[in-house]
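Trainee: Heads up: the sequence shown begins at 10 in my numbering, then just goes up one per residue.
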Amino acid sequence: MKKDTNSAHREKEVLAVVGKGGTGKTTLVAIMAKILSANGSKLLAVDADPPISLTYALGADPESTVGELRTRLIEDPREKREIGDKHIRDVIMEEALIDLNGIDLLVLGQAEGPGCYCGLNELLKFGIESLAQKYKITLIDCEAGIEQINRRVINSITTLVMVSDATMKGLRTAVYLKNIADKYGVQEGYRTGLVINKAGKGVTGLKEKAHEMDLDIIGLIPADENVADYDRIGRPTMELPDDSPSVLAVGQILRDLALMA
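Next comes the structure, spelled out in structure tokens:
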């Protein structure tokens, strides 16, 4: 784990997961949420990827999204007047937060459409950041790169987890994403780590390459038939058995990150 290696003193943890499509980043976030909520942590999960895969992985229906709230505020001036002096955080909680019994889910939905609404975008971002302050742990399922999250969601990321498949191409993508995070101003002192998903017996050489590329591997998740089966039939990742190989591996990652005992 690069940079700040001690999270025990932190009052708030904002963990963002990035990775190119198909690497399993959404599965990782969903399993993290499953384990942490079962461990008694009240947490905020942010589905910041437009396909809203995390929402379905958690077994939820997208009742309302921040994107829909944004559209209403743009198209209907009465909506703005009705908000009045309410804190935008409270509006987001009322309009877009989904209670999943131990997990509060915030779905961003589609990215901004045409037109410049910078003031409104900043207001919504401020509301999301204020909302995250109410939770000890916030998990964010990002778009492929971190720049959209810095612009649309939150600045104060404390831990950036990059997910890669067991390929050199995946490692190169992880380096690219890490460089973007540095460029787009993730807060100073944030930690970074790499998780290799669907890791097989031939991963030893990749671990050496990752070290050469200054990527710190914080976990290996083995191929898991349960995950593949659940994906095929559309069953939520949240319902994976506790003894499933991927769940056990993610539990160890969370312990290594000091997010659970």
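Even glycine gets a Cβ: it sits at the ideal position worked out from N, Cα and C.
Flag this pair as yes or no: are the beta carbons of Thr80 and Asp150 separated by less than 8 Å?
Mentor: Their beta carbons are not under 8 Å apart, which means Thr80 does not touch Asp150 by this criterion.
Trainee: Mapping the DSSP letters down to three states, classify Pro59 as helix, strand or coil.
Mentor: Residue state, collapsed to three classes: coil.
Trainee: Starting from Glu221, trace the alpha helix (DSSP H) both ways and give me its first and last residue.
Mentor: Counting along the chain, the alpha helix (DSSP H) containing Glu221 begins and ends at 213 to 221.
Trainee: How long is the line joining the alpha carbons of Thr213 and Glu131, rounded to whole angstroms?
Mentor: About 44 Å.
Trainee: Please list the terminal residues of the continuous beta strand (DSSP E) segment that includes Asp108.
Mentor: Element bounds for Asp108: 106 to 108.
Trainee: Starting from Ser165, follow the beta strand (DSSP E) in both directions and report where the run begins and ends.
Mentor: It is not in any beta strand (DSSP E) - Ser165 carries neither H nor E in the DSSP assignment.
Trainee: Name the DSSP beta bridge partners of Val116, please?
Mentor: Answer is Asp56, bridged to Val116.
Trainee: Taking its Cβ as the centre, do 16 or more other Cβ atoms sit within 10 Å of Glu84, making it buried, or is it exposed?
Mentor: So Glu84 counts as exposed.
Trainee: Could you tell me the boundaries of the beta strand (DSSP E) in which Leu24 lies?
Mentor: That run of the beta strand (DSSP E) goes 22 to 27.
Trainee: Using CA atoms only, rank isn't needed, just tell me which of Glu22, Ser253, Gly28 is closest to Ala175.
Mentor: Closest option to Ala175, Cα to Cα, is Gly28.
Trainee: Output yes or no for whether 8 Å exceeds the beta carbon distance between Ile97 and Leu67.
Mentor: No, the pair does not count as a contact, with Cβ atoms beyond the cut-off.
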